Amino acid sequence: YVRMEEFKTMVNELHKNDIRVVIDVVYNHVYEYFDSDLEKIAPGYFFRTKKNGTLYNSSGCGNDFASEKPMARKIIIESAKNLVELYDIDGFRFDLMGLLDITTLKLLREETLKLKSDLVFYGEGWNMDSPLLKEDRASLENAALLPELGFFNDMFRDIVKGSTFPDKLSEKGYINGDISYRFGANFVFHASVINHSYNPKFVYAHQSINYVECHDNNTLFDKLSVSNVEEEDNTLLKRIKLANAMNVLSFGVPFIHMGQEVGLSKYGFDNTYNRLNVNMMNWEQVDDKFDMVSYLKMIIDLRKTALPHLKLDSQEDIAKIFETIHCDNGLLVFYSDKKEYLKDYQKLLIIVNATNSNLNIDTDDYFTHMPVPLPEEMRTKNILVPPISFDIYYIK
(Lines of atoms letter the chains of each structure in order from A; the text may use other names.)
(Lines give C-alpha, C1' and ligand atoms only; values in the text may rest on other atoms or scores of the structure.)
Protein backbone atom coordinates (compact mmCIF):
# COMPACT_ATOMS: atom_id res chain seq x y z
CA TYR A 2 0.00 0.00 0.00
CA VAL A 3 1.11 3.60 -0.56
CA ARG A 4 -1.54 5.79 1.01
CA MET A 5 -3.64 5.66 4.16
CA GLU A 6 -6.86 5.41 2.15
CA GLU A 7 -5.48 2.47 0.18
CA PHE A 8 -4.60 0.68 3.40
CA LYS A 9 -8.12 1.28 4.74
CA THR A 10 -9.53 -0.10 1.49
CA MET A 11 -7.30 -3.16 1.72
CA VAL A 12 -8.43 -3.92 5.29
CA ASN A 13 -12.06 -3.44 4.31
CA GLU A 14 -11.77 -5.81 1.34
CA LEU A 15 -10.00 -8.42 3.45
CA HIS A 16 -12.80 -8.19 6.01
CA LYS A 17 -15.35 -8.76 3.23
CA ASN A 18 -13.54 -12.04 2.54
CA ASP A 19 -13.54 -13.08 6.22
CA ILE A 20 -9.83 -12.37 6.64
CA ARG A 21 -8.81 -10.56 9.80
CA VAL A 22 -5.84 -8.19 9.87
CA VAL A 23 -3.20 -8.14 12.61
CA ILE A 24 -0.64 -5.33 12.56
CA ASP A 25 3.01 -5.95 13.41
CA VAL A 26 3.88 -2.96 15.61
CA VAL A 27 7.43 -1.96 16.56
CA TYR A 28 7.20 0.10 19.73
CA ASN A 29 10.58 -0.92 21.17
CA HIS A 30 12.84 1.33 19.04
CA VAL A 31 12.86 3.90 16.24
CA TYR A 32 14.71 3.80 12.94
CA GLU A 33 16.99 6.79 13.57
CA TYR A 34 17.43 8.12 17.10
CA PHE A 35 19.13 11.42 16.20
CA ASP A 36 16.55 12.32 13.54
CA SER A 37 13.61 11.20 15.66
CA ASP A 38 10.95 13.85 16.25
CA LEU A 39 10.58 12.47 19.77
CA GLU A 40 14.21 13.19 20.58
CA LYS A 41 13.89 16.68 19.11
CA ILE A 42 10.77 17.41 21.17
CA ALA A 43 12.15 16.18 24.49
CA PRO A 44 15.89 15.43 24.31
CA GLY A 45 16.92 12.50 26.50
CA TYR A 46 13.39 11.62 27.62
CA PHE A 47 11.87 9.04 25.28
CA PHE A 48 14.84 6.67 25.06
CA ARG A 49 16.61 4.58 27.68
CA THR A 50 20.02 6.01 28.46
CA LYS A 51 22.87 4.89 30.66
CA LYS A 52 24.38 7.02 33.42
CA ASN A 53 27.09 8.18 31.05
CA GLY A 54 24.47 9.44 28.60
CA THR A 55 24.90 6.73 25.98
CA LEU A 56 21.93 4.81 24.67
CA TYR A 57 20.89 1.33 25.65
CA ASN A 58 20.77 -0.95 22.60
CA SER A 59 18.95 -4.06 23.80
CA SER A 60 16.93 -4.05 20.58
CA GLY A 61 20.07 -4.32 18.45
CA CYS A 62 18.75 -1.37 16.44
CA GLY A 63 20.71 1.43 18.10
CA ASN A 64 18.14 2.60 20.65
CA ASP A 65 15.43 1.40 23.07
CA PHE A 66 12.15 3.27 23.50
CA ALA A 67 11.37 3.94 27.19
CA SER A 68 7.83 2.53 27.25
CA GLU A 69 7.71 2.77 31.04
CA LYS A 70 7.83 6.60 31.05
CA PRO A 71 4.38 8.26 31.25
CA MET A 72 4.48 10.19 27.98
CA ALA A 73 6.18 7.35 26.11
CA ARG A 74 3.45 5.04 27.36
CA LYS A 75 0.80 7.54 26.25
CA ILE A 76 2.26 7.71 22.73
CA ILE A 77 2.22 3.91 22.41
CA ILE A 78 -1.36 3.59 23.64
CA GLU A 79 -2.64 6.46 21.50
CA SER A 80 -0.90 4.97 18.47
CA ALA A 81 -2.60 1.61 19.06
CA LYS A 82 -6.00 3.26 19.53
CA ASN A 83 -5.51 5.19 16.30
CA LEU A 84 -4.79 1.99 14.36
CA VAL A 85 -8.04 0.48 15.58
CA GLU A 86 -10.16 3.59 15.05
CA LEU A 87 -8.74 4.60 11.68
CA TYR A 88 -8.12 1.24 10.00
CA ASP A 89 -10.41 -1.17 11.89
CA ILE A 90 -7.57 -3.64 12.43
CA ASP A 91 -8.16 -6.85 14.37
CA GLY A 92 -5.10 -7.22 16.55
CA PHE A 93 -1.50 -6.48 17.40
CA ARG A 94 1.70 -8.48 17.04
CA PHE A 95 4.38 -6.82 19.19
CA ASP A 96 7.96 -6.84 17.93
CA LEU A 97 10.49 -7.63 20.71
CA MET A 98 7.68 -7.45 23.25
CA GLY A 99 10.09 -8.32 26.07
CA LEU A 100 11.55 -4.81 25.78
CA LEU A 101 8.17 -3.28 26.65
CA ASP A 102 6.85 -3.04 30.19
CA ILE A 103 3.88 -5.02 31.47
CA THR A 104 1.90 -1.98 32.62
CA THR A 105 1.95 -0.38 29.17
CA LEU A 106 0.71 -3.53 27.47
CA LYS A 107 -2.05 -4.06 30.02
CA LEU A 108 -3.26 -0.48 29.55
CA LEU A 109 -2.96 -0.73 25.76
CA ARG A 110 -5.14 -3.83 25.77
CA GLU A 111 -7.66 -2.26 28.13
CA GLU A 112 -8.01 0.92 26.07
CA THR A 113 -8.17 -0.70 22.62
CA LEU A 114 -10.74 -3.28 23.71
CA LYS A 115 -13.07 -0.39 24.48
CA LEU A 116 -12.97 0.33 20.75
CA LYS A 117 -13.21 -3.24 19.45
CA SER A 118 -14.04 -6.16 21.69
CA ASP A 119 -12.48 -9.06 19.76
CA LEU A 120 -8.93 -7.82 19.25
CA VAL A 121 -6.05 -10.28 19.59
CA PHE A 122 -2.71 -9.53 21.22
CA TYR A 123 0.53 -11.49 20.94
CA GLY A 124 4.23 -10.92 20.45
CA GLU A 125 7.88 -11.84 20.81
CA GLY A 126 8.32 -12.34 24.53
CA TRP A 127 12.08 -12.80 24.47
CA ASN A 128 13.71 -11.86 27.76
CA MET A 129 16.03 -9.16 26.43
CA ASP A 130 18.78 -7.69 28.57
CA SER A 131 17.46 -4.22 29.35
CA PRO A 132 17.36 -1.76 32.26
CA LEU A 133 13.76 -2.77 32.93
CA LEU A 134 13.47 -4.89 36.05
CA LYS A 135 12.92 -8.54 35.11
CA GLU A 136 9.55 -8.56 36.87
CA ASP A 137 8.41 -5.57 34.77
CA ARG A 138 9.25 -7.04 31.35
CA ALA A 139 6.54 -8.36 29.02
CA SER A 140 8.60 -11.51 28.54
CA LEU A 141 7.87 -15.23 28.42
CA GLU A 142 9.11 -15.55 31.97
CA ASN A 143 6.26 -13.26 33.06
CA ALA A 144 3.53 -14.92 30.98
CA ALA A 145 1.51 -15.55 34.15
CA LEU A 146 1.31 -11.77 34.66
CA LEU A 147 -0.06 -11.29 31.13
CA PRO A 148 -2.62 -14.10 30.81
CA GLU A 149 -4.52 -12.28 28.05
CA LEU A 150 -1.51 -12.10 25.70
CA GLY A 151 -0.02 -14.72 23.40
CA PHE A 152 3.71 -15.45 23.20
CA PHE A 153 5.71 -17.06 20.41
CA ASN A 154 6.57 -20.43 21.95
CA ASP A 155 10.24 -21.01 21.15
CA MET A 156 10.12 -24.23 23.16
CA PHE A 157 7.53 -25.63 20.73
CA ARG A 158 9.78 -24.58 17.84
CA ASP A 159 12.97 -26.11 19.21
CA ILE A 160 11.45 -29.36 20.49
CA VAL A 161 9.52 -30.06 17.32
CA LYS A 162 12.30 -29.34 14.80
CA GLY A 163 15.49 -28.44 16.70
CA SER A 164 17.23 -25.12 17.15
CA THR A 165 16.68 -22.57 14.41
CA PHE A 166 19.92 -20.63 14.83
CA PRO A 167 22.72 -20.79 12.24
CA ASP A 168 25.31 -22.46 14.49
CA LYS A 169 22.88 -25.21 15.53
CA LEU A 170 21.21 -26.17 12.26
CA SER A 171 22.60 -29.71 12.47
CA GLU A 172 20.78 -30.36 15.77
CA LYS A 173 17.67 -32.47 15.33
CA GLY A 174 14.30 -32.11 17.01
CA TYR A 175 11.41 -34.56 17.22
CA ILE A 176 10.10 -34.43 13.64
CA ASN A 177 13.70 -34.62 12.33
CA GLY A 178 13.87 -38.13 13.82
CA ASP A 179 15.28 -37.62 17.32
CA ILE A 180 12.64 -39.62 19.20
CA SER A 181 14.18 -38.76 22.58
CA TYR A 182 12.26 -35.50 22.12
CA ARG A 183 8.91 -37.33 22.30
CA PHE A 184 8.61 -36.36 25.98
CA GLY A 185 9.07 -32.73 25.05
CA ALA A 186 6.69 -33.19 22.12
CA ASN A 187 4.07 -34.34 24.63
CA PHE A 188 4.65 -31.17 26.65
CA VAL A 189 4.25 -28.77 23.73
CA PHE A 190 1.33 -30.76 22.27
CA HIS A 191 -0.49 -29.74 25.44
CA ALA A 192 0.30 -26.03 24.80
CA SER A 193 3.07 -26.05 27.44
CA VAL A 194 0.45 -25.63 30.18
CA ILE A 195 0.69 -29.08 31.82
CA ASN A 196 3.52 -30.37 34.00
CA HIS A 197 4.76 -33.08 31.60
CA SER A 198 8.58 -33.36 31.88
CA TYR A 199 8.78 -29.54 32.08
CA ASN A 200 7.25 -26.90 34.29
CA PRO A 201 4.29 -25.12 32.65
CA LYS A 202 5.21 -22.01 30.64
CA PHE A 203 1.68 -20.65 30.37
CA VAL A 204 -1.53 -20.35 32.33
CA TYR A 205 -3.81 -20.73 29.30
CA ALA A 206 -3.44 -22.50 25.96
CA HIS A 207 -4.20 -19.33 23.99
CA GLN A 208 -0.92 -17.91 25.29
CA SER A 209 1.07 -20.50 23.34
CA ILE A 210 1.67 -19.34 19.76
CA ASN A 211 2.85 -22.63 18.28
CA TYR A 212 5.27 -22.26 15.37
CA VAL A 213 8.13 -24.05 13.65
CA GLU A 214 9.18 -21.22 11.33
CA CYS A 215 8.67 -17.48 10.97
CA HIS A 216 10.27 -14.60 9.06
CA ASP A 217 13.39 -14.78 11.25
CA ASN A 218 16.17 -17.34 10.75
CA ASN A 219 16.12 -20.34 8.43
CA THR A 220 12.98 -21.86 6.98
CA LEU A 221 11.92 -25.34 8.05
CA PHE A 222 13.06 -26.80 4.73
CA ASP A 223 16.49 -25.16 5.02
CA LYS A 224 16.81 -26.43 8.60
CA LEU A 225 15.96 -30.00 7.53
CA SER A 226 18.36 -29.77 4.59
CA VAL A 227 21.18 -29.48 7.14
CA SER A 228 19.95 -31.58 10.07
CA ASN A 229 18.81 -34.42 7.76
CA VAL A 230 21.32 -33.89 4.98
CA GLU A 231 21.41 -37.62 4.20
CA GLU A 232 17.71 -37.72 3.26
CA GLU A 233 16.14 -37.12 -0.16
CA ASP A 234 13.88 -34.10 -0.72
CA ASN A 235 10.77 -36.30 -0.76
CA THR A 236 11.58 -37.48 2.76
CA LEU A 237 12.22 -33.93 3.92
CA LEU A 238 8.80 -32.93 2.58
CA LYS A 239 7.22 -35.76 4.59
CA ARG A 240 8.89 -34.35 7.68
CA ILE A 241 7.48 -30.91 6.82
CA LYS A 242 3.99 -32.43 6.64
CA LEU A 243 4.57 -34.02 10.04
CA ALA A 244 5.74 -30.68 11.45
CA ASN A 245 2.68 -28.96 9.99
CA ALA A 246 0.41 -31.55 11.59
CA MET A 247 2.07 -31.03 14.97
CA ASN A 248 1.77 -27.29 14.41
CA VAL A 249 -1.94 -27.28 13.55
CA LEU A 250 -3.23 -30.21 15.63
CA SER A 251 -1.78 -29.32 19.03
CA PHE A 252 -3.44 -27.35 21.80
CA GLY A 253 -2.69 -23.64 21.59
CA VAL A 254 -2.71 -21.22 18.65
CA PRO A 255 -1.18 -22.42 15.36
CA PHE A 256 1.07 -19.93 13.56
CA ILE A 257 2.01 -20.82 9.98
CA HIS A 258 4.58 -18.89 7.97
CA MET A 259 4.01 -18.20 4.28
CA GLY A 260 5.45 -21.05 2.22
CA GLN A 261 5.98 -23.34 5.20
CA GLU A 262 3.35 -25.73 3.84
CA VAL A 263 5.31 -26.39 0.62
CA GLY A 264 8.86 -26.29 1.98
CA LEU A 265 9.80 -22.82 0.77
CA SER A 266 13.54 -22.15 0.93
CA LYS A 267 15.54 -19.00 1.64
CA TYR A 268 18.52 -20.66 -0.05
CA GLY A 269 20.52 -20.83 3.15
CA PHE A 270 20.13 -17.16 4.02
CA ASP A 271 19.35 -16.58 7.69
CA ASN A 272 18.56 -12.90 8.21
CA THR A 273 16.62 -11.77 5.15
CA TYR A 274 15.03 -8.53 6.33
CA ASN A 275 16.44 -6.76 3.25
CA ARG A 276 16.16 -9.54 0.65
CA LEU A 277 12.83 -9.11 -1.11
CA ASN A 278 13.58 -11.65 -3.82
CA VAL A 279 14.36 -14.28 -1.20
CA ASN A 280 11.34 -13.56 1.00
CA MET A 281 8.70 -13.48 -1.74
CA MET A 282 6.41 -16.44 -2.38
CA ASN A 283 7.36 -18.89 -5.11
CA TRP A 284 3.96 -19.61 -6.65
CA GLU A 285 5.38 -22.30 -8.93
CA GLN A 286 6.08 -24.36 -5.82
CA VAL A 287 2.42 -24.09 -4.86
CA ASP A 288 1.48 -25.63 -8.22
CA ASP A 289 4.22 -28.25 -8.08
CA LYS A 290 3.42 -29.29 -4.49
CA PHE A 291 -0.30 -28.75 -4.40
CA ASP A 292 -0.72 -32.02 -2.49
CA MET A 293 1.05 -30.34 0.44
CA VAL A 294 -1.24 -27.31 0.17
CA SER A 295 -4.23 -29.66 0.20
CA TYR A 296 -2.83 -31.47 3.22
CA LEU A 297 -2.54 -28.24 5.18
CA LYS A 298 -6.09 -27.26 4.22
CA MET A 299 -7.31 -30.67 5.38
CA ILE A 300 -5.69 -30.58 8.81
CA ILE A 301 -6.89 -27.00 9.37
CA ASP A 302 -10.40 -28.19 8.54
CA LEU A 303 -9.99 -31.11 10.96
CA ARG A 304 -9.02 -28.72 13.73
CA LYS A 305 -12.04 -26.52 13.06
CA THR A 306 -14.67 -29.23 12.62
CA ALA A 307 -13.67 -32.66 13.93
CA LEU A 308 -11.38 -31.84 16.85
CA PRO A 309 -13.03 -29.06 18.86
CA HIS A 310 -11.21 -30.11 22.03
CA LEU A 311 -8.05 -28.50 20.62
CA LYS A 312 -9.69 -25.13 21.29
CA LEU A 313 -9.89 -25.78 25.03
CA ASP A 314 -7.98 -23.20 27.02
CA SER A 315 -7.65 -24.03 30.70
CA GLN A 316 -4.98 -26.19 32.30
CA GLU A 317 -7.68 -28.12 34.12
CA ASP A 318 -9.58 -29.12 30.98
CA ILE A 319 -6.51 -29.90 28.87
CA ALA A 320 -5.06 -32.12 31.61
CA LYS A 321 -8.18 -34.32 31.59
CA ILE A 322 -8.47 -35.21 27.92
CA PHE A 323 -5.57 -37.41 26.84
CA GLU A 324 -3.51 -40.19 28.31
CA THR A 325 -0.05 -40.10 26.76
CA ILE A 326 1.70 -43.37 25.85
CA HIS A 327 5.43 -43.32 25.09
CA CYS A 328 6.08 -46.54 23.16
CA ASP A 329 9.50 -48.19 23.25
CA ASN A 330 9.55 -48.29 19.45
CA GLY A 331 9.42 -44.50 19.29
CA LEU A 332 5.70 -43.92 18.76
CA LEU A 333 4.02 -41.09 20.61
CA VAL A 334 0.37 -41.91 21.28
CA PHE A 335 -2.41 -39.76 22.71
CA TYR A 336 -5.51 -41.71 23.79
CA SER A 337 -8.84 -40.38 25.02
CA ASP A 338 -12.20 -41.86 25.98
CA LYS A 339 -13.48 -38.60 27.48
CA LYS A 340 -16.72 -38.40 25.49
CA GLU A 341 -17.67 -35.08 27.03
CA TYR A 342 -14.75 -33.49 25.16
CA LEU A 343 -14.68 -35.52 21.94
CA LYS A 344 -17.82 -34.27 20.17
CA ASP A 345 -18.97 -37.15 17.93
CA TYR A 346 -16.52 -39.81 19.11
CA GLN A 347 -16.41 -42.39 21.87
CA LYS A 348 -12.65 -42.81 21.71
CA LEU A 349 -9.80 -41.06 19.93
CA LEU A 350 -6.23 -42.08 19.13
CA ILE A 351 -3.58 -39.70 17.84
CA ILE A 352 -0.42 -41.54 16.76
CA VAL A 353 2.80 -39.76 15.82
CA ASN A 354 5.67 -41.63 14.17
CA ALA A 355 8.82 -39.58 13.61
CA THR A 356 10.96 -42.61 12.70
CA ASN A 357 11.81 -43.97 9.26
CA SER A 358 10.14 -47.31 10.01
CA ASN A 359 6.70 -48.85 9.72
CA LEU A 360 5.57 -49.50 13.29
CA ASN A 361 2.65 -51.38 14.83
CA ILE A 362 0.36 -50.69 17.73
CA ASP A 363 -2.30 -53.12 19.01
CA THR A 364 -5.55 -51.94 20.56
CA ASP A 365 -8.44 -53.63 22.36
CA ASP A 366 -11.05 -52.04 20.12
CA TYR A 367 -11.67 -51.60 16.41
CA PHE A 368 -10.72 -48.09 15.32
CA THR A 369 -11.52 -46.21 12.12
CA HIS A 370 -8.91 -44.08 10.40
CA MET A 371 -9.49 -40.35 10.11
CA PRO A 372 -7.94 -39.19 6.82
CA VAL A 373 -4.62 -37.87 8.06
CA PRO A 374 -2.81 -38.40 5.77
CA LEU A 375 -4.27 -41.55 4.16
CA PRO A 376 -7.64 -41.12 2.40
CA GLU A 377 -9.04 -44.62 3.01
CA GLU A 378 -10.95 -45.49 6.14
CA MET A 379 -10.51 -48.85 7.82
CA ARG A 380 -11.53 -50.48 11.06
CA THR A 381 -8.71 -52.33 12.77
CA LYS A 382 -7.31 -53.48 16.10
CA ASN A 383 -3.80 -53.82 14.71
CA ILE A 384 -2.71 -50.43 13.45
CA LEU A 385 0.18 -50.17 11.02
CA VAL A 386 1.72 -46.73 11.43
CA PRO A 387 3.66 -45.53 8.38
CA PRO A 388 7.02 -43.79 8.81
CA ILE A 389 7.09 -40.02 9.36
CA SER A 390 3.35 -39.72 9.91
CA PHE A 391 0.64 -38.16 12.07
CA ASP A 392 -2.49 -40.33 12.17
CA ILE A 393 -5.83 -40.08 13.92
CA TYR A 394 -8.16 -43.01 14.65
CA TYR A 395 -11.58 -42.93 16.27
CA ILE A 396 -14.55 -44.94 17.47
CA LYS A 397 -17.97 -43.40 16.94
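Its first residue numbered 2, the sequence shown is counted upward by one per residue in my numbering.
Ideal Cβ positions, reconstructed from N, Cα and C, are used throughout, including at glycine.
All figures in this text were calculated on a predicted structure; none of them were measured in a lab.
- Item | Backbone CA spacing between M72 and R183 [nearest angstrom] | For the purposes of this step, residue 72 is taken as residue 71 along the sequence shown, with counting starting at 1. For the purposes of this step, residue 183 is taken as residue 182 along the sequence shown, with counting starting at 1. Cα-Cα distance, rounded: 48 Å.
- Query: Do N64 and H30 have their C-beta atoms within less than 8 Å of each other?
  - Reply: Against the sequence shown, residue 64 aligns to sequence position 63. Against the sequence shown, residue 30 aligns to sequence position 29. Judged by their CB atoms, N64 and H30 are nearer to each other than the 8 Å cut-off.
- Task: Please go through the same chain and pick out, in chain order, the residues whose beta-carbon is closer than 7 Å to the beta-carbon of S228, but skip the five residues on each side of it.
- Result: Along the sequence shown, read from residue 1 onward, the residue named residue 228 stands at position 227. Taking S228 as the centre and dropping the five residues before and after it, the same chain places the C-beta of G163, L170, S171, E172, K173 and N177 closer than 7 Å to its C-beta, in chain order.
- Message: Assess contact between the segment 199 to 216 and the segment 143 to 162, defined as three or more Cβ pairs (one per stretch) separated by less than 8 Å. Is contact present?
- Response: Using a C-beta cut-off of 8 Å, the segment 199 to 216 makes contact with the segment 143 to 162, since at least three inter-stretch Cβ pairs fall below that distance.
- Query: Should the segment 125 to 144 be regarded as contacting the segment 236 to 254, the criterion being three or more beta carbon pairs within less than 8 Å?
  - Reply: By the C-beta criterion, the segment 125 to 144 is judged not to be in contact with the segment 236 to 254, since fewer than 3 inter-stretch pairs fall below 8 Å.
- For Y57, three-class secondary structure by DSSP: One-based indexing of the sequence shown puts residue 57 at position 56. Reduced to three states, the DSSP call for Y57 is coil.
- Message: On the criterion of 16 or more Cβ atoms from any shown chain inside 10 Å, does P255 qualify as buried, or is it exposed?
- Response: The residue labelled residue 255 in the question sits at position 254 within the sequence shown. Classification for P255: buried.
- Item | Meets three-Cβ-pair contact criterion under 8 Å: the segment 38 to 56 and the segment 82 to 99 | Short answer: they don't touch.
- If you drop the 5 nearest sequence neighbours on each side, which residues of the same chain put their C-beta closer than 6 Å to that of L349? For this step, residue 349 is matched to residue 348 along the sequence shown. Excluding residues within five positions, the ones whose Cβ falls inside 6 Å are S337, L343 and Y395.
- Message: Just verifying my parser: in three-state terms, what is the DSSP assignment at V194?
- Response: Position 193 of the sequence shown, counted from the first residue, corresponds to residue 194. In the structure shown, the three-state DSSP call for V194 is coil.
- Nearest-angstrom Cα distance between V294 and E262? Walking along the sequence shown from the start, residue 294 turns up at place 293. Walking along the sequence shown from the start, residue 262 turns up at place 261. Their Cα atoms are separated by approximately 6 Å.
- Message: So, for A192: in the same chain, excluding its five sequence neighbours on each side, which residues have a beta-carbon less than 6 Å away from its beta-carbon?
- Response: Walking along the sequence shown from the start, residue 192 turns up at place 191. Around A192, the same chain offers A206, S209, F252 and G253 as residues with beta carbons nearer than 6 Å, after the five sequence neighbours per side are excluded.
- Item | Candidates L87, L100, R4 and L265, of which the one nearest V27 by Cα | Stepping through the sequence shown from its first residue, residue 27 is reached at position 26. The shortest Cα separation from V27 among L87, L100, R4 and L265 belongs to L100.
- Task: Rounded to whole angstroms, what's the CA-CA distance from I78 to E33? Just pull it up for me.
- Result: Position 77 of the sequence shown, counting from 1, holds the residue named residue 78. Position 32 of the sequence shown, counting from 1, holds the residue named residue 33. The alpha-carbon atoms of I78 and E33 are separated by roughly 21 Å.
- Message: Tell me which residue opens and which closes the beta strand (DSSP E) that K348 is part of.
- Response: Taking the first residue of the sequence shown as 1, we reach residue 348 at position 347. First-last of the beta strand (DSSP E) with K348: K348 to N354.
- Query: With distances taken from CA atoms, which of E69, F122 and I352 is nearest G331?
  - Reply: Taking the first residue of the sequence shown as 1, we reach residue 331 at position 330. The shortest C-alpha separation from G331 is found at I352.
- Rounded straight-line distance, which links the Cα of H197 to that of T325: Taking the sequence shown and counting its residues from 1, one reaches residue 325 at position 324. Taking the sequence shown and counting its residues from 1, one reaches residue 197 at position 196. Within the model, the alpha-carbon separation for T325 versus H197 is close to 10 Å.
- Kindly give me the distance between the Cβ atoms of L147 and L106, rounded to whole angstroms, as I take these residues to be in contact under 8 Å. Your numbering for residue 147 matches position 146 in the sequence shown. Your numbering for residue 106 matches position 105 in the sequence shown. The C-beta distance from L147 to L106 rounds to 7 Å, short enough to meet the 8 Å contact threshold.
- Message: Using only the alpha-carbon positions, how far apart do N383 and Y367 sit?
- Response: Taking the sequence shown and counting its residues from 1, one reaches residue 383 at position 382. Taking the sequence shown and counting its residues from 1, one reaches residue 367 at position 366. If you take the alpha carbons of N383 and Y367, they lie about 8 Å apart.
- Query: In whole angstroms, what separates the C-alpha of N219 from that of A186?
  - Reply: Mapped onto the sequence shown, residue 219 falls at position 218. Mapped onto the sequence shown, residue 186 falls at position 185. Taking the straight line joining both Cα atoms gives about 21 Å.
- In angstroms with no decimal places, state the Cα-to-Cα distance between E14 and D102. Translated into the one-based positions of the sequence shown, residue 14 becomes position 13. Translated into the one-based positions of the sequence shown, residue 102 becomes position 101. So the alpha carbons of these two residues sit roughly 34 Å apart.
- With C-beta atoms as the reference, is V23 less than 8 Å away from D91? Along the sequence shown, read from residue 1 onward, the residue named residue 23 stands at position 22. Along the sequence shown, read from residue 1 onward, the residue named residue 91 stands at position 90. It is a contact, given that the beta carbons lie within the stated cut-off.
- In its own chain, which residues sit with a C-beta less than 7 Å from the C-beta of N128, not counting the 5 before and 5 after it? If you number the sequence shown from 1, residue 128 lands on position 127. Excluding positions up to five away in sequence, the list reads G99, R138, S140, L141 and E142.
- Between L333 and the rest of its own chain, which residues show a CB-CB distance below 7 Å, the 5 nearest in sequence each way excluded? Mapped onto the sequence shown, residue 333 falls at position 332. Taking C-beta separations shorter than 7 Å and ignoring five residues to either side along the sequence, the partners of L333 in its chain run R183, A186, N187, H327 and V353, following chain order.
- Message: Buried or exposed for V12, going by 16 or more other Cβ atoms inside 10 Å?
- Response: Taking the first residue of the sequence shown as position 1, residue 12 is located at position 11. With 16 or more Cβ atoms within 10 Å of its Cβ, V12 is classed as buried.
- Item | According to DSSP, residues forming a beta bridge with I241 | Locating residue 241 in the sequence shown gives position 240, counting from the first residue. None; I241 has no bridge partner.
- Got a sec, what are the start and stop residues for the beta strand (DSSP E) L333 sits in? Position 332 of the sequence shown, counted from the start, is the residue given in the question as residue 333. Membership of L333 in the beta strand (DSSP E) is indicated by the continuous run L333 to S337.
- Query: Alpha carbon to alpha carbon, what distance is there between F122 and F203?
  - Reply: One-based indexing of the sequence shown puts residue 203 at position 202. One-based indexing of the sequence shown puts residue 122 at position 121. In a straight line, the C-alpha of F203 is about 15 Å away from that of F122.
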